[in-house]
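Protein chains: 2
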Amino acid sequence: MRVTRASDYAIRVMIQLATLPKGERQSLPALARSTDVPVSFLAKILKSLSQAGLVLPRRGAIGGFELLPKGHRATMRDVIEAVEGPIILNTCLASRHACHRRLCCPAHPVWKKAQAALLAVLGTSPIAELAAAQKESASPT
Amino acid sequence: MRVTRASDYAIRVMIQLATLPKGERQSLPALARSTDVPVSFLAKILKSLSQAGLVLPRRGAIGGFELLPKGHRATMRDVIEAVEGPIILNTCLASRHACHRRLCCPAHPVWKKAQAALLAVLGTSPIAELAAAQKESASPT
Numbered sequence: 054m055r056v057t058r059a060s061d062y063a064i065r066v067m068i069q070l071a072t073l074p075k076g077e078r079q080s081l082p083a084l085a086r087s088t089d090v091p092v093s094f095l096a097k098i099l100k101s102l103s104q105a106g107l108v109l110p111r112r113g114a115i116g117g118f119e120l121l122p123k124g125h126r127a128t129m130r131d132v133i134e135a136v137e138g139p140i141i142l143n144t145c146l147a148s149r150h151a152c153h154r155r156l157c158c159p160a161h162p163v164w165k166k167a168q169a170a171l172l173a174v175l176g177t178s179p180i181a182e183l184a185a186a187q188k189e190s191a192s193p194t
Numbered sequence: 054m055r056v057t058r059a060s061d062y063a064i065r066v067m068i069q070l071a072t073l074p075k076g077e078r079q080s081l082p083a084l085a086r087s088t089d090v091p092v093s094f095l096a097k098i099l100k101s102l103s104q105a106g107l108v109l110p111r112r113g114a115i116g117g118f119e120l121l122p123k124g125h126r127a128t129m130r131d132v133i134e135a136v137e138g139p140i141i142l143n144t145c146l147a148s149r150h151a152c153h154r155r156l157c158c159p160a161h162p163v164w165k166k167a168q169a170a171l172l173a174v175l176g177t178s179p180i181a182e183l184a185a186a187q188k189e190s191a192s193p194t
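Here's what the structure looks like:
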């Protein structure tokens, strides 16, 4: 029951991109340096984030990656789900038909409550706010 | 970020054992039938539960498995941790030294909060209560 390394890295890179002034981009090697993520792995993660409409890849001499408006509004939950798919703590929460024991299983409501508690935190933690906190802690006092 | 099938099954079997009158036991094939878990997989799960001191295996003609006092007091968290080890949502929560970015990473406090929210639910859901709910729903009205 642990987040994948890809999601962890995706959150890092989204926070990094959200610290840039609006419309600015950062190259893949620069992003890799500032997030401590290997370039090849980061390229795959950025592909998922691009496909989810959170990040825009720009080619050319001053190419790189920038956040799209959807990325600016994204929460930690959105980023994880862009990389891993929907957060589902247990199979029985996937759909009504995922487990035939669902209706009589006393653990099912607990899983539902645990999932809601988890999503309540991750779904209300905007990347933009985390980036603002990072900028603040990095700025000289 | 999903619980393993082994943990899901472990919770099923713990609930089943907790529905038995105190001191009673159930054989492996009977447990497999009542939990819809394959016998060979269930045997491995029961080994983990025994090693964690939650369940007592008894050999012989009227052998089988019964809950130990620790198993009667166990929560869903205890059962999952008996099978998977400690619940750790992200590597940075494993120890102080697990991630060198921990102190400056704005996502770290969110992971900490998400983990606390998850554990608050799983750690306050006693197997004995779930078994009582199961018995109640199964009893004729």
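Chains as they are written, first to last, in this note's numbering: chain A, 54 to 194; chain B, 54 to 194. Using N, Cα and C, we set each Cβ at its ideal position, and we do this for glycine too.
Check, Outcome
"Beta carbon proximity, residue 119 of chain A to chain B, threshold 9 Å", "no"
"Other residues of its chain near residue 188 of chain A: CB distance less than 7 Å, five sequence neighbours each side excluded", "72"
"Short CB-CB distance (under 9 Å) between residue 79 of chain A and chain B", "no"
"Among B:95, B:153, B:175 and B:166, the one whose alpha carbon lies nearest that of residue 162 of chain A", "B:175"
"Test item: CB-CB of residue 192 of chain A and residue 159 of chain B under 9 Å", "no"
"Three-state class that DSSP yields for residue 117 of chain A in the structure shown", "strand"
"Short-range partners of chain B found in the stretch 164 to 183 of chain A, where Cβ spacing is below 7 Å", "166, 167, 170, 171, 173, 174, 175, 178 and 183"
"Near-chain B residues of the stretch 113 to 145 of chain A (beta-carbon distance less than 9 Å), N- to C-terminal order", "129, 133, 137, 140, 141, 142, 143, 144 and 145"
"Range covered by the beta strand (DSSP E) that runs through residue 149 of chain A", "From DSSP, residue 149 of chain A is part of no beta strand (DSSP E); its letter is neither H nor E."
"Simplified DSSP assignment, three categories, for residue 74 of chain A", "coil"
"Proximal chain A residues relative to residue 69 of chain B, where beta-carbon distance stays under 7 Å", "Within 7 Å Cβ-Cβ: nothing; residue 69 of chain B doesn't reach chain A, min ~11 Å."
"With 16 other Cβ atoms within 10 Å as the buried cut-off, status of residue 89 of chain B", "exposed"
"Contact the stretch 77 to 88 of chain B vs the stretch 144 to 151 of chain B: 3+ CB pairs below 8 Å", "no"
"Beta-ladder partner(s) of residue 110 of chain A, from DSSP", "A:118"
"Neighbour-count burial assignment, residue 118 of chain B, 16 or more Cβ in a 10 Å radius", "buried"
"Residue 179 of chain B, DSSP secondary structure in three states", "strand"
"Continuous alpha helix (DSSP H) stretch holding residue 102 of chain B: start and end", "92 to 104"
"Residue nearest to residue 108 of chain B in terms of C-alpha spacing, selected from B:93, B:182, B:79 and B:59", "B:79"
"Three-state secondary structure (DSSP) of residue 57 of chain A", "coil"
"Best match in A:180, A:62 and A:143 for proximity to residue 165 of chain A [C-alpha to C-alpha]", "A:143"
"For residue 128 of chain B: DSSP bridge partner residues", "B:179"
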